[in-house]
Amino acid sequence: MKTKLNRRDFVAKSVWGATASLSLPGFLQQTLLNLDARAQSLPSPGGEGPIVLLMELAGGNDTLNTLVPYTNSIYNEARPTLKLGAEHGIINITDKDAPSAAGGVEPLAFHPNLGAFNTLWNDGEMGIINGVSYPNPSLSHFTSFDYWHSAEPNSVVKDGWVGRYLDNQCDGCGATTGIYINRRPTLAFASAEGLSPTVTFANPQYFNWNDQVSLGKEKSLEGLYRNLIGLDHAVDDGISQTDDTLAYVQRAAHSAMISTASVQSAIEQGGTLLNNSWPDNGLSRSLQTIAQLIKGQSETSIYYARQGGYDTHNNQIFDGDPLTGRHFTLLQTLNNSLDAFIQEMKLQGNWDRVLILTFSEFGRKVIQNGSLGTDHGAAESLFVMGGRVNGNQFFGEYPDLAEDARIKNNSLDFNIDFRTVYRSVLEKWMGVPASAMPAIFPSQPVNFDPLDIIKPL
Amino acid sequence: MLDPLPQESWTRRNANHLLQRAGFGGSPDEQEAFYQLGSEQGIEAAVDSLLETSEDWSSVPWPFWAGGETDPNGDDYAGQAVRRRDVTQWYFECLTEGQPLAAKLLKFFADHFAIDSATINQYYRQIGLLRYFETLRRHAAGNVAGEDHPFEGDERLVPDGHYGNFRTLVNHVSWSIAMIRTLDLYVSTANNINENFGRELLELFSFGIGQAYTDLDDEYTEEDVVAAAKAFTGRKIYNFRWGVRNDAANQNPPLPPASVYQNNNQQDNSAKTFYGSSSMPGGGNIVDGDDIIELIFQTDRCPKHLSWKLWRYFASPDPSKELVAALATRMRDTHDYEIRPFLKDIFLSSEFYDESVLNAQIKDAGDYLVCVTKQLGTQLPTRDAVEDIMQQLGYEIYFPPSIAGWPEPDGSGNTWLSTGAMVFRMNMASIWSHHNFNIFTTGRTRNAMAEFEEVDWNTIAPPHLRPVENFPLLLEALLGRMLPNRELRKSQVRTLYDRYSSVSSQLGSLEGVKELVRLILSLPEYQIQ
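Protein chains in written order, with this note's numbering: chain R, -5 to 451; chain L, 176 to 704.
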């Protein structure tokens, strides 16, 4: 008997087809399958291989106030009350300036709350990708995020880029290859085949089959549920052939059944985290769950976390003080939570396995609005972090504020397509061959050469 | 297109489908009575019985503190959290106890016009929320007995309320504290335009974007967003902060606290060009927000978007563009955006009973909670339990995932079933069957399930059905109640039988019944309607 179900087995045995062991007596067959499904939930030995953490900043992060072009007169003119300067404790990047789309360079500084980012930069563990967006950027949160998730800008969205990557490259993967810590799924994980080995849950405590203390001898619901949804049935696989909606729910139930064991096993094995100082907020809790899964050697290679609230049309700062307000708090939460996570990865000895990519659906307009806030814009800056990231490097060019604020509708122009960033992560970090890119990115940007975001060995 | 369903097609299956989609299903007796009504008096009589606008919501009054003279938020955060749970409970009571179609529409509006209490912020948050939902539920109920009622969101600016009309509803929403706060209208002035509301008005509430429902009609442009944003300037909330007076105190007549007013000095009064028009149809300049709404609702695109959304909500995820165009004509030209007459056309149409529509929806979290409550003839779980459940299912009515509400990119309902939500749904059925709430929560001492009424098991499963040899009859009775249009697979029936006989013999037949109910509620089949 195989000790580990790979994805093809998972599909063949659990979702689509009958099993091969039809000749066995029913009870034995069921036992074997149960064992098999348990076995596949065991993490791969050693917890090896690269990990990506996709860090979604939802609402449209104002990267102009995240990575501040503090010497730029246009910035200071466009943001009379929102602007950040030395008096606010911005952290100047002193070792080098960013190349500018206007020619020359743009001196930049981190928001005062991004001390951990600065440390990573100085340690050579963070790269900054400036001027990221896509052609004809949408100013709608929902459309733009659909584009970021599907990696198919300006077309009808049907599946996600992670889903396509797994469909294409992940035949040997277990059922929890992608994990999103959230209550609702992300389009990025959606697969046209409907079989992407990804799961989404918010709280691991509830991602389990709860014992029914009132029900007498048999306490576990899992076996019953497996039966009811046809997971172990030899002939009747429990997936409707005629009813698409029902089949969808049945597959969701099968996937839930298989992945809970995997997640609970890793959480249990992970045990207590090594860093005992985590901030108390939702993002931090998501990252703690992820850290626990990594420590427990979950077979997961793509983690996804989300921090909302970046739609700062108003009260981006409170009256007169840029060291208050919504953006200030958001970046503090982001910095402190990621910092705790990174410390944990270092203590675990996993920091060299992890790459973190932050992204938002768009940046914000150059010129502030009348409500101490900023409206929806276009290009943004991305941060890529990790023990093996080719850090202390700028990628792309910093947009030309003068040109963009005055001529181009007040939104920053892009020079790096986000699909190129995704490709760089897959190709340079996950080791996906270049030949797979057309399948993963059916529509490719003009300049699709991967960025050197990983240090050469 | 939209031909009425022939009388000979009125089957129990179709009757149950209509009862489920226009409301939340019914008990076996209600199912039968509804079917007989349609058989004896015709389908239209059955549909009309669903559309009666008798709802005045008097059975679900606002929480007591809403009418008080003191700061309704309470003194501290804990007090505010209690208020928030009160609002949640009030909302779900509206869904459970209100007229079913009105409740279903209220749920639609709460999604279509989603608001976020985090941005409504501290002051008058609860009052703003309640008034907002009150406006939505009045529109959902339609004009009771044909009477117009005053619009309570703002007494000065909006003409006496005519409820149950989509265009009027958008207008009322644009004058509500909750939306003015959520989408930043209160800070948008002629000199400092904030485009948030203008953009979402076009994208979410009216025109929509993309080609899913039309490829004939132009999309709005960024210039249109700016024009709309300029038109909606100067809308302010009077005395918004408790104890703080502002210039509206001098308004004549004086305004009650927390009402909305137009500050003429902060309004952009310029003539605008919008969606290809430079003047109003009857002549005159395009100036304010009311003008913009009037123009939007005359376009071809707006009724298509709204018809598409309503069809997706009541019927199926992927209506054809031809069907949407036919619906849009009914919505705008035949019914002038009156919602119930439009829905009547949908419920009578043969398209609504197509095989691709039946059972094509996943119950959203609200559907699930209301259906299970009604089917088991019980009441809602305790206030705190409802909030906890909805947090896990991703349906916190005042914290939408985004201001687009609860979006469904993959077709109707799919996004309701994250893996975690699926697991939770399969587990949580025992809340109803076994009062087993404690395992779904930690550190909550408020969730004493003693105040949650026990299901009347003698009605659900009369004792004469409980002997193991009567299992087929028992199962038939339970499925007729909970899964009327479904057949289970043999292997499922076998598992249910094994479990029923095992638990019954160990713990007695009542425990067997509870277990059976729990397992039926946990089935993938139960997640669908």
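Glycine included, C-beta positions come from ideal geometry on N, C-alpha and C.
Residue i - containing alpha helix (DSSP H), residue span
{"i": "Asn215(L)", "result": "For the sequence presented, residue 215(L) should be read as Glu rather than Asn. First-last of the alpha helix (DSSP H) with Glu215(L): 203 to 216."}
{"i": "Met601(L)", "result": "594 to 603"}
{"i": "Thr452(R)", "result": "This structure cannot speak to residue 452(R), because chain R is shown only from -5 to 451."}
{"i": "Leu544(L)", "result": "540 to 550"}
{"i": "Leu481(L)", "result": "476 to 489"}
{"i": "Ser495(L)", "result": "Run containing Ser495(L): none; DSSP gives neither H nor E here."}
{"i": "Phe111(R)", "result": "109 to 116"}
{"i": "Ala72(R)", "result": "67 to 72"}
{"i": "Gly373(L)", "result": "371 to 375"}
Straight-line Cα distance separating residue j from residue i
{"i": "Phe322(R)", "j": "Ile311(R)", "result": "7 angstroms"}
{"i": "Arg410(L)", "j": "Asn371(L)", "result": "13 angstroms"}
{"i": "Ser174(R)", "j": "Tyr304(R)", "result": "With the sequence shown as reference, residue 174(R) is identified as Tyr, and Ser is not the correct amino acid for it. Cα to Cα, Tyr174(R) sits roughly 19 angstroms from Tyr304(R)."}
{"i": "Leu215(R)", "j": "Gly168(R)", "result": "23 angstroms"}
{"i": "Ala708(L)", "j": "Leu649(L)", "result": "A query on residue 708(L) cannot be resolved here, the shown segment of chain L reaching from 176 to 704 and no further."}
{"i": "Gln291(R)", "j": "Leu114(R)", "result": "25 angstroms"}
{"i": "Arg356(L)", "j": "Asn660(L)", "result": "44 angstroms"}
{"i": "Pro44(R)", "j": "Gly217(R)", "result": "34 angstroms"}
{"i": "Gln550(L)", "j": "Asp204(L)", "result": "11 angstroms"}
{"i": "Gly97(R)", "j": "Asp165(R)", "result": "46 angstroms"}
{"i": "Ala182(R)", "j": "Ser365(R)", "result": "33 angstroms"}
{"i": "Arg505(L)", "j": "Phe517(L)", "result": "7 angstroms"}
{"i": "Ala320(L)", "j": "Gln264(L)", "result": "Per-residue confidence for Ala320(L) stands at a pLDDT of 45, beneath the threshold of 50, marking its modelled position as unreliable; the derived number appears in the next sentence. Rounded to whole angstroms, Ala320(L) to Gln264(L) spans 27 angstroms at the Cα level."}
{"i": "Trp483(L)", "j": "Leu502(L)", "result": "8 angstroms"}
{"i": "Ser491(L)", "j": "Ser593(L)", "result": "20 angstroms"}
{"i": "Phe201(R)", "j": "Gln554(L)", "result": "27 angstroms"}
{"i": "Ala535(L)", "j": "Ile352(L)", "result": "37 angstroms"}
{"i": "Asp585(L)", "j": "Asp493(L)", "result": "Because Asp585(L) sits at a pLDDT of 48, beneath the cut-off of 50, its placement in the model cannot be relied upon, and the point is left open."}
{"i": "Gly41(R)", "j": "Arg177(R)", "result": "26 angstroms"}
Endpoints, beta strand (DSSP E) assigned at residue i
{"i": "Ser684(L)", "result": "Note, Ser684(L): premise wrong, no beta strand (DSSP E); alpha helix (DSSP H) at 684 to 697."}
{"i": "Asn172(R)", "result": "Contrary to the premise, residue 172(R) reads as Gly rather than Asn in this sequence. Per DSSP, Gly172(R) belongs to the beta strand (DSSP E) from 172 to 175."}
{"i": "Phe335(R)", "result": "Unbroken run through Phe335(R) is the alpha helix (DSSP H), 320 to 342; no beta strand (DSSP E)."}
{"i": "Ile122(R)", "result": "120 to 127"}
{"i": "Leu391(L)", "result": "Looking at the DSSP string, Leu391(L) is not in any beta strand (DSSP E), and its letter there is neither H nor E."}
{"i": "Thr452(R)", "result": "This structure cannot speak to residue 452(R), because chain R is shown only from -5 to 451."}
{"i": "Ile311(R)", "result": "Counting along the chain, Ile311(R) falls outside any beta strand (DSSP E), and DSSP gives it neither H nor E."}
{"i": "Gly380(R)", "result": "374 to 380"}
Contact set for residue i: own chain, Cβ-Cβ below 7 angstroms, skip 5 residues either direction
{"i": "Pro181(L)", "result": "none"}
{"i": "Leu270(L)", "result": "Ala278, Leu281, Lys282, Gly541, Val545"}
{"i": "Lys519(L)", "result": "Val222, Leu226"}
{"i": "Gly464(L)", "result": "Ser349, Ala406, Phe407"}
{"i": "Tyr395(L)", "result": "Leu377, Phe382, Tyr450"}
Classification of residue i by the beta-carbon crowding that lies within 10 angstroms, buried from 16 upward
{"i": "Asp117(R)", "result": "exposed"}
{"i": "Asp529(L)", "result": "exposed"}
{"i": "Arg669(L)", "result": "exposed"}
{"i": "Gln274(L)", "result": "buried"}
{"i": "Leu451(R)", "result": "exposed"}
{"i": "Phe407(L)", "result": "buried"}
{"i": "Ser418(R)", "result": "buried"}
{"i": "Pro74(R)", "result": "exposed"}
{"i": "Val150(R)", "result": "exposed"}
{"i": "Phe356(R)", "result": "buried"}
Cβ shell of residue i (< 6 angstroms), same chain only, five flanking positions each side left out
{"i": "Ser278(R)", "result": "Trp272, Ser331"}
{"i": "Ala184(R)", "result": "Asp153, Gly154, Gly157"}
{"i": "Asp446(R)", "result": "Asn384"}
{"i": "Asn344(R)", "result": "Ile288"}
Residue i: CB within 7 angstroms of a non-hydrogen atom of the ligand HEM
{"i": "Arg196(L)", "result": "With respect to the ligand HEM, the structure shown offers nothing to examine, as it has no ligands at all."}
8 angstroms Cβ shell around residue i - same chain, five flanking residues per side excluded
{"i": "Met455(L)", "result": "Ile461, Asp466, Glu469, Leu470"}
{"i": "Ala186(R)", "result": "Lys152, Asp153, Gly157, Arg158, Asp161"}
{"i": "Trp237(L)", "result": "Trp265, Leu305, Glu309"}
* For the stretch 375 to 393 of chain L against the stretch 120 to 139 of chain R, are there 3 or more C-beta pairs whose distance is under 8 angstroms? -> By the Cβ test, the stretch 375 to 393 of chain L is in contact with the stretch 120 to 139 of chain R, since at least three Cβ pairs between them sit closer than 8 angstroms.
* Asked: Should the stretch 434 to 444 of chain R be regarded as contacting the stretch 155 to 168 of chain R, the criterion being three or more beta carbon pairs within less than 8 angstroms?
  -> Touching, per the Cβ criterion.
* To do: For the stretch 564 to 574 of chain L and the stretch 535 to 553 of chain L, state whether three or more C-beta atom pairs, one from each stretch, are separated by less than 8 angstroms.
  => Judged by Cβ distances under 8 angstroms, the stretch 564 to 574 of chain L makes contact with the stretch 535 to 553 of chain L, as three or more pairs qualify.
* Between the stretch 363 to 377 of chain R and the stretch 52 to 67 of chain R, do three or more beta carbon pairs fall short of 8 angstroms? -> Enough Cβ pairs lie closer than 8 angstroms, so yes.
* Would you check if there are 3 or more beta carbon pairs closer than 8 angstroms linking the stretch 691 to 703 of chain L to the stretch 665 to 681 of chain L? => When C-beta atoms of the stretch 691 to 703 of chain L are compared with those of the stretch 665 to 681 of chain L, three or more pairs fall below 8 angstroms, so the two segments count as touching.
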